[in-house]
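Only one structure is covered here, and it is reproduced in the block below.
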Amino acid sequence: MIIRYLRTSNEQKSRIMRATVFLLIAFFCCGACKDLHDHKGKTPLVEIDGNFLYKEDMLSALPVGLSKDDSLLFAERYIRSWAEDVLLYEKAKDNIPDNIDIDKLVDNYRKALIMHVYQQELISEQVNNEISEQEMVDYYDKNKELFKLEYPLIKGLFIKVPLTAPRLSSVRRWYKTETQEAVENLEKYSLQNAVKYEYFYDKWISVTDMLDVIPLNVNEPEKYLEAHRHVELKDTAFYYFLNVSDYRKAGEEMPYGFARVEVKELLTNQKQVGFMKKVKNDLYQRAVDKKRIVYNY
């Protein structure tokens with residue numbers, strides 16, 4: 024039998040191994056392998072030096088909907104992974120330096136984890152994390168120095184038209200003017216002639232995003248846009264017209280629209296920290312009042 028197994032192909036060996044795993048899973052509860060361990064009603068599937076992998080635990084980890092072959096493959100990998108973890112743990116346990124107090128580390132981690140979970144539940148139940156728009160605006164106005172740009176922004180207007188587009192002289196005049204009449208003329212014109220039209224006089228966009236859509240071939244494109252408010256470019260097929268109405272450099276104050284998310288996160292965190300500070304102070308004061316804290320110095 025052993026000789027016959029050695030002569031089989033790798034694919035056949037794999038099938039035999041999978042069949043063996045399947046048989047282990049299906050028939051291990053037959054009572055053929057009794058031992059003195061209390062398995063609490065579970066069926067031991069694999070043992071390494073008194074460590075047991077149970078059939079029920081492995082089956083609970085089995086993803087739903089797998090085919091028979093995929094289930095067997097999952098079982099093989101799960102058993103192999105479990106065995107490797109057990110062996111590594113046993114090896115590590117025997118080689119941890121004596122000066123490392125694992126029990127103390129585990130106890131400290133357990134305490135920290137319990138407090139963290141409790142605090143999160145308290146915050147979830149007791150703290151209203153809704154922040155009004157006015158609260159955010161007021162906080163931003165008082166703390167603008169906290170919010171600095173990491174990249175430059177611009178406001179303006181952009182239009183891209185084919186080289187053969189009509190009335191280009193009018194486009195050149197309109198895109199440089201920020202009047203309502205000029206904007207309306209461009210909007211009407213863009214419906215019939217523009218490949219791309221963007222109005223962003225009322226909002227900030229990243230300079231990088233704009234550089235992605237215009238063929239500006241200069242050494243320092245960001246500084247170029249800072250210095251040139253009216254930009255006209257062309258390539259083999261299109262004209263590109265950009266009016267930069269406002270520019271904000273990296274390192275300058277972040278506009279409120281960009282800082283809003285960060286402001287909300289800061290205010291929410293402050294509310295949570297303040298709440299937990301009050302909880303801890305209340306617990307301490309109650310303990311003092313009931314003489315639960317005994318100082319021995």
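Going by my numbering, the sequence shown opens with residue 24, and the numbers climb by one from there. Built from N, CA and C at the ideal position, the CB exists for glycine as well. As the structure is a prediction and not an experimental result, all values here were calculated from the model.
### Task
Just mark Glu-113 as buried or exposed, buried being the case when its beta carbon has 16 or more other beta carbons within 10 Å.
exposed
### Task
Excluding the 5 residues preceding and the 5 following Pro-175 in the sequence, name in chain order all residues of the same chain whose CB lies nearer than 6 Å to its CB.
Val-230, Glu-245, Lys-272, Ala-273
### Query
Thinking C-beta only, is Tyr-220 closer than 9 Å to Lys-183?
yes
### Task
Would you mind sorting Ala-282 into buried or exposed? The rule is 16 or more other CB atoms within 10 Å of its CB.
buried
### Query
Any idea if Ile-177 is buried or exposed, counting beta-carbon neighbours within 10 angstroms, 16 or more meaning buried?
buried
### Message
Rounded to the nearest angstrom, what separates Lys-78 and Ile-123 at their Cα positions?
### Response
35 Å
### Task
For Val-69, count neighbouring Cβ atoms within 10 angstroms of its own Cβ and tell me buried if that reaches 16, exposed if not.
buried
### Task
Using beta-carbon positions only, say whether Ala-98 and Leu-85 come within less than 9 Å of one another.
yes
### Query
When the distance is taken between beta carbons, is Asp-258 closer than 9 Å to Pro-278?
no
### Val-87 versus Thr-66 - alpha carbon distance
21 Å
### Query
Using the C-alpha atoms, what's the distance from Gly-280 back to Lys-199?
25 Å
### Task
Determine contact between the stretch 282-295 and the stretch 264-271, defined as no fewer than three beta-carbon pairs at a distance below 8 Å.
no
### Query
Where are the alpha helix (DSSP H) runs, 4 residues long or more, that stay fully inside the stretch 132-207, in chain order?
156-165, 191-197
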